[in-house]
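For the sequence shown, our numbering assigns the number 1350 to the initial residue and increments by one for each residue that follows.
Report on the structure given below.
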Amino acid sequence: MLLISTLLAVLLYLVAATLQWTVLKGNKRTSGFAVRAVATTAVVLHTFSIYHTLHQPNGINLGFFAAGSLIAWLVAVIVTLSSLRQKIDNLFIGVLPMAALAAGLAVWGPELGEPHLYRGGLIFHILLSILAYSMFTVATFQAILLSRQDQALKQHHTRGLVASLPPLQTMERLLFEMLWIAMGLLSASLITGFLFVDDLLAQHLVHKTALSIIAWLLYAVLLWGRLLRGWRSQRAVRWTISGFVILMLGFFGSKLVIDLIYGG
């Protein structure tokens, strides 16, 4: 069942992304409801796959590909639910193929890391970290979409992508709403990490922590610039993507090294 559910999730993710691409290109025969229905079905199947990938007889598997699949699943959930009240359906084009790739690698990719038993406080820290990374991922996709929209408007291209998006001011507001939520989650993650991780040096987490703090500082400067200097558009996009690259390097880069060298 794991292989079947994962395969169906991958296929439906790609179908939903393709349908949304046709909508972007002006195909009026495909409704937003149909795209969201296919995406939701893929998320449900991915949920089954995630559960059986993470839960192993000797603990919870949070290896490199399993953690990537979990974050991609959560990103897909956030975007799918948010699309019910905000016009962000075009994020499906980037988010869903990413979720399809992550789901496939978690099942058919090489096994990295070993399952562990985690105590309550540490599980809370891990959950907050994954939520933070997921929200920053969504915000980064939103930033890329905002950048494309801003460039198109400057070149007076008002069809296609621009015509399908909310006004630029609304897109910016959505981006910073996501960033504020993600920043709160990252702050809580860092605090709980210092509280519940016993020995950062022994667990080879110094680089991950340091890079996470650097990313936190970058996002803090961005939000400060937004509040006091009115930063927007391309400047906001550059800071958002820069922080995301550092954050993902800290999480996935450190995790890959730990799983390959120390076995998870």
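In this text, a Cβ means the ideal position worked out from N, Cα and C, and glycines have one as well.
These numbers come from a predicted model, not from an experiment.
- Query: Is it true that the segment 1413 to 1424 meets the segment 1471 to 1490, where meeting means three or more beta-carbon pairs spaced less than 8 Å apart?
  - Reply: yes
- Message: Taking the alpha carbon of Val1428 as the reference point, which residue from His1556, Leu1477 and Met1447 has its own alpha carbon closest?
- Response: As a first step, residue 1428 must be located in the sequence shown, where it is residue number 79. Cα-wise, what sits closest to Val1428 is Met1447.
- Query: Nearest to Leu1357 by alpha carbon, out of Leu1528, Thr1396 and Leu1576?
  - Reply: In the sequence shown, residue 1357 corresponds to position 8, counting from 1. Nearest C-alpha to Leu1357: Thr1396.
- Select from Thr1402, Ala1569, Phe1600 and Ala1564 the residue whose C-alpha is nearest the C-alpha of Ser1591. For the purposes of this step, residue 1591 is identified with residue 242 of the sequence shown, where counting begins at 1. With distances taken between Cα atoms, Ser1591 lies closest to Ala1564.
- Touching or not, the segment 1351 to 1365 and the segment 1387 to 1406, by the rule of three or more beta carbon pairs under 8 Å? yes
- Message: Measuring CB atoms only, is the segment 1489 to 1505 touching the segment 1463 to 1470, in the sense that at least three cross pairs come out at less than 8 Å?
- Response: no
- Starting from Val1546 and walking both ways along the alpha helix (DSSP H), at which residues does that stretch end? The count along the sequence shown starts at 1 and reaches residue 1546 at position 197. It is not in any alpha helix (DSSP H) - Val1546 carries neither H nor E in the DSSP assignment.
- Leaving aside the five residues before and after Phe1545 along the sequence, list all residues of the same chain whose C-beta is less than 6 Å from its C-beta, in chain order. As a working note, residue 1545 is residue 196 in the sequence shown. Gly1470, Leu1471 and His1474.
- Task: Pull up the distance between the alpha-carbon of Thr1330 and that of Lys1374, whole angstroms please.
- Result: What is shown of the chain runs 1350 to 1613, which leaves residue 1330 out entirely.
- By how many angstroms is the C-alpha of Phe1413 removed from the C-alpha of Pro1459? Here residue 1459 refers to the residue found at position 110 when the sequence shown is read from its first residue. Here residue 1413 refers to the residue found at position 64 when the sequence shown is read from its first residue. Cα to Cα, the separation comes out at about 10 Å.
- Give the range of the alpha helix (DSSP H) segment to which Leu1567 is assigned. In the sequence shown, counting from the first residue as 1, residue 1567 sits at position 218. From DSSP, the alpha helix (DSSP H) with Leu1567 extends over Val1555 to Trp1573.
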